[in-house]
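Everything on this sheet refers to the single structure shown next.
Number of protein chains: 2
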Amino acid sequence: MLKYQQIADEIEQYIEERGLQQGHKLPVLEEWIARFDASKSTLTKALELLERKGVIFQVRGSGIFVRRHKRKGYISLTSNQGFKKDLEGFKLSSKVLELDVRKPTREAASNLNLTVEDDVYYVKRVRYIYEQTLCLEESYFNKSIVTYLNREIVEESVFEYVKGGLGLKVGFSDQYMHVDKLNAEEAGHLGLQKGDPKFVMESIFYLTNGQPFDFSKVTYNYVQSQFFIQAGG
Amino acid sequence: MLKYQQIADEIEQYIEERGLQQGHKLPVLEEWIARFDASKSTLTKALELLERKGVIFQVRGSGIFVRRHKRKGYISLTSNQGFKKDLEGFKLSSKVLELDVRKPTREAASNLNLTVEDDVYYVKRVRYIYEQTLCLEESYFNKSIVTYLNREIVEESVFEYVKGGLGLKVGFSDQYMHVDKLNAEEAGHLGLQKGDPKFVMESIFYLTNGQPFDFSKVTYNYVQSQFFIQAGG
DNA sequence: CAGTGGTCTAGACCACCTA
DNA sequence: AGGTGGTCTAGACCACTGG
Numbered sequence: 181m182l183k184y185q186q187i188a189d190e191i192e193q194y195i196e197e198r199g200l201q202q203g204h205k206l207p208v209l210e211e212w213i214a215r216f217d218a219s220k221s222t223l224t225k226a227l228e229l230l231e232r233k234g235v236i237f238q239v240r241g242s243g244i245f246v247r248r249h250k251r252k253g254y255i256s257l258t259s260n261q262g263f264k265k266d267l268e269g270f271k272l273s274s275k276v277l278e279l280d281v282r283k284p285t286r287e288a289a290s291n292l293n294l295t296v297e298d299d300v301y302y303v304k305r306v307r308y309i310y311e312q313t314l315c316l317e318e319s320y321f322n323k324s325i326v327t328y329l330n331r332e333i334v335e336e337s338v339f340e341y342v343k344g345g346l347g348l349k350v351g352f353s354d355q356y357m358h359v360d361k362l363n364a365e366e367a368g369h370l371g372l373q374k375g376d377p378k379f380v381m382e383s384i385f386y387l388t389n390g391q392p393f394d395f396s397k398v399t400y401n402y403v404q405s406q407f408f409i410q411a412g413g
Numbered sequence: 181m182l183k184y185q186q187i188a189d190e191i192e193q194y195i196e197e198r199g200l201q202q203g204h205k206l207p208v209l210e211e212w213i214a215r216f217d218a219s220k221s222t223l224t225k226a227l228e229l230l231e232r233k234g235v236i237f238q239v240r241g242s243g244i245f246v247r248r249h250k251r252k253g254y255i256s257l258t259s260n261q262g263f264k265k266d267l268e269g270f271k272l273s274s275k276v277l278e279l280d281v282r283k284p285t286r287e288a289a290s291n292l293n294l295t296v297e298d299d300v301y302y303v304k305r306v307r308y309i310y311e312q313t314l315c316l317e318e319s320y321f322n323k324s325i326v327t328y329l330n331r332e333i334v335e336e337s338v339f340e341y342v343k344g345g346l347g348l349k350v351g352f353s354d355q356y357m358h359v360d361k362l363n364a365e366e367a368g369h370l371g372l373q374k375g376d377p378k379f380v381m382e383s384i385f386y387l388t389n390g391q392p393f394d395f396s397k398v399t400y401n402y403v404q405s406q407f408f409i410q411a412g413g
């Protein structure tokens with residue numbers, strides 16, 4: 181593991197163990213450098229990581245301080261990767277409605293840089309949190325990259341399989357969001373009424389080499405939809 | 181201006197001038213180093229910035245490539261700062277409904293680390309985009325930090341005033357989002373119907389030293405609410 | 001003005017991609 | 001194998017904060 185990543189983890193753990201609160205002052209840079217036997221740059225990089233993650237903030241001339249947010253149960257929009265870790269420990273499950281190989285819609289093809297003649301895996305799922313519907317998810321995977329999928333994989337995490345089973349490296353993603361009203365079919369799946377609000381997130385996931393491999397359209401149950409971002413300076 | 185910031189700007193301009201598209205390969209690191217007469221670390225930092233901004237992506241062993249997103253008119257959620265630059269060039273205006281000094285609600289007090297006995301500036305505005313309502317915004321400013329506001333300031337940008345006029349430094353922010361139904365009053369201001377969807381964003385803005393100075397609650401017109409995030413690796 | 005974090009450099013070595 | 005970006009180091013110097 182990378183040294184700066186390792187250090188970042190240990191500093192985060194340091195804060196966690198002691199249950200330090202917002203504004204608590206942490207040991208100064210020099211002290212961490214000595215503790216980890218690392219260079220100043222490496223520590224700076226580790227701290228930068230934690231800063232972007234919203235764990236600390238640094239004030240030049242003053243010190244390093246703990247940063248916390250107060251609210252629980254919000255889904256982080258900045259922690260990349262298929263399904264978010266903020267809901268770990270929450271009872272999540274999912275039901276697969278459809279899974280097959282087909283031709284993509286024009287919309288999906290365009291977002292995946294494919295033609296409507298290329299093959300994609302299509303997956304439609306409903307996700308639950310504590311027995312309540314969380315979202316309805318439709319995904320299109322470029323079949324020439326994600327060469328195989330089955331029900332078992334799709335019931336767990338496709339991303340884990342892509343990384344572990346296929347040995348691919350997920351790089352970055354574009355995420356587009358908007359709000360609208362549910363149509364009858366969506367309302368049915370989510371256990372809501374037609375015309376109720378919906379929060380829609382369309383995501384395109386790319387490999388590290390820039391190839392898009394997954395286009396997903398997720399319709400959230402507005403009652404369960406709470407998100408947050410900790411923005412940096 | 182910082183050297184790495186300057187370099188990042190120039191590289192971005194390089195891409196813009198030439199109208200380079202997604203996947204276009206840029207000159208290699210060494211070349212930029214020579215061109216800017218800077219160290220490798222400085223260039224790495226500049227490129228990292230552009231990577232986080234979603235302008236490029238880097239592939240080890242391969243090169244540096246242009247990254248673009250396809251959709252226009254979406255508001256970026258990661259570009260910090262009061263009102264977003266993605267809407268520059270769009271015809272924005274705002275109408276001030278209320279502006280006074282008062283005691284905060286319990287909710288506002290809690291988010292600003294104040295008591296309900298402390299003074300805050302309260303601002304209520306409607307914002308328009310091309311004559312259409314974009315959002316309804318209620319803001320609470322800690323009066324011991326933002327010591328003075330008037331209608332003129334509030335009609336323009338409070339953030340510019342806080343930075344320029346008061347010489348304060350904005351550091352970071354927490355942003356919480358959820359979806360719900362409009363009540364009658366909100367619907368009235370936005371020109372929509374009671375029960376229509378709403379997208380609510382609550383933001384807490386902090387100075388670089390960690391003091392919260394602004395709590396804002398923004399209710400978006402769902403027809404105009406389109407957001408995006410370009411997430412990094 | 002002492003203490004603290006931020007920028008920048010020069011260079012060694014490593015990990016990954018392409019061919 | 002050759003080329004490319006990523007990590008890490010050691011150290012100089014700078015910019016800001018707070019007593």
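Top line first, the protein sequences correspond to chains A and B. Counting in this note's numbering, the first sequence tops out at residue 413, every number present. Counting in this note's numbering, the second sequence tops out at residue 413, every number present. Note that CB positions come from ideal geometry on N, CA and C, so glycine has one too. Every value quoted in this text rests on a predicted model; they were computed, and no experiment measured them.
Notebook entry, point to check: Closest Cβ-Cβ distance between residue 207 (chain B) and chain A: below 8 Å?
Noted result: no
Note to self: If you follow the beta strand (DSSP E) that residue 282 (chain B) is in, where does it begin and where does it stop?
What the structure shows: 272 to 282
Next item on the list: Taking 8 Å as the threshold, find out whether the stretch 182 to 191 of chain B comes into contact with the stretch 219 to 227 of chain B through three or more Cβ pairs.
Entry: yes
Next item on the list: Note down, in chain order, each residue of its chain lying with its Cβ closer than 6 Å to the Cβ of residue 216 (chain A), except the 5 sequence neighbours on either side.
Entry: 187
Note to self: Under 8 Å, with one C-beta from each stretch per pair, do the stretch 404 to 411 of chain B and the stretch 331 to 340 of chain B reach the 3-pair mark?
What the structure shows: no
Notebook entry, point to check: So, is residue 242 (chain B) buried or exposed, given that buried needs 16 or more other C-beta atoms within 10 angstroms?
Noted result: exposed
Next item on the list: Check the Cβ-Cβ distances between residue 285 (chain A) and every residue of chain B, and say whether any is below 8 Å.
Entry: no
Item checked: Where residue 330 (chain B) meets chain A, residues with beta-carbon distance less than 9 Å -> Neighbours of residue 330 (chain B) on chain A: none; closest Cβ ~27 Å, over 9 Å.
Margin query: Looking only at its chain, what residues have a beta carbon closer than 7 Å to the beta carbon of residue 238 (chain B), apart from the 5 residues adjacent to it on each side?
Written below: 227, 231, 244
Item checked: Chain-ordered neighbours of residue 411 (chain A) on chain B, where CB pairs are closer than 7 Å -> 258, 260, 352, 353, 355
Check: Contact between the stretch 306 to 323 of chain B and the stretch 364 to 371 of chain B: three or more CB pairs below 8 Å?
Finding: yes
Checklist line | Element boundaries [alpha helix (DSSP H), containing residue 344 (chain A)] | finding: 338 to 344
Checklist line | Limits of the unbroken alpha helix (DSSP H) element including residue 169 (chain B) | finding: Residue 169 (chain B) is absent from the model: chain B starts at 181 and stops at 413.
Checklist line | Members of the stretch 186 to 205 of chain A that neighbour chain B once the beta carbon cut-off is set at 9 Å | finding: 202, 203
Note to self: Spatial neighbours of residue 386 (chain B) within its chain, please: C-beta separation below 6 Å, excluding the five flanking residues on both sides.
What the structure shows: 351, 352, 392
Next item on the list: On a CA-only basis, which of A:275, A:222, A:278 is nearest residue 185 (chain A)? Give me that one, please.
Entry: A:222
Margin query: When you compare the CB of residue 414 (chain A) with every CB in chain B, is at least one pair closer than 8 Å?
Written below: In the structure as shown, chain A begins at 181 and stops at 413. Residue 414 (chain A) is therefore absent and cannot be evaluated.
Next item on the list: Output, in sequence order along the chain, the residues in the stretch 382 to 403 of chain B whose CB is closer than 7 Å to any CB in chain A.
Entry: 388, 389, 390, 402
Note to self: Taking only three categories from DSSP, how would you classify residue 331 (chain B)?
What the structure shows: helix
Note to self: Need the endpoints of the beta strand (DSSP E) that residue 307 (chain B) sits in, please.
What the structure shows: 300 to 309
Checklist line | Rounded separation between residue 486 (chain B) and residue 365 (chain B) - CA only | finding: Nothing can be reported for residue 486 (chain B), as the shown portion of chain B is limited to 181 through 413.
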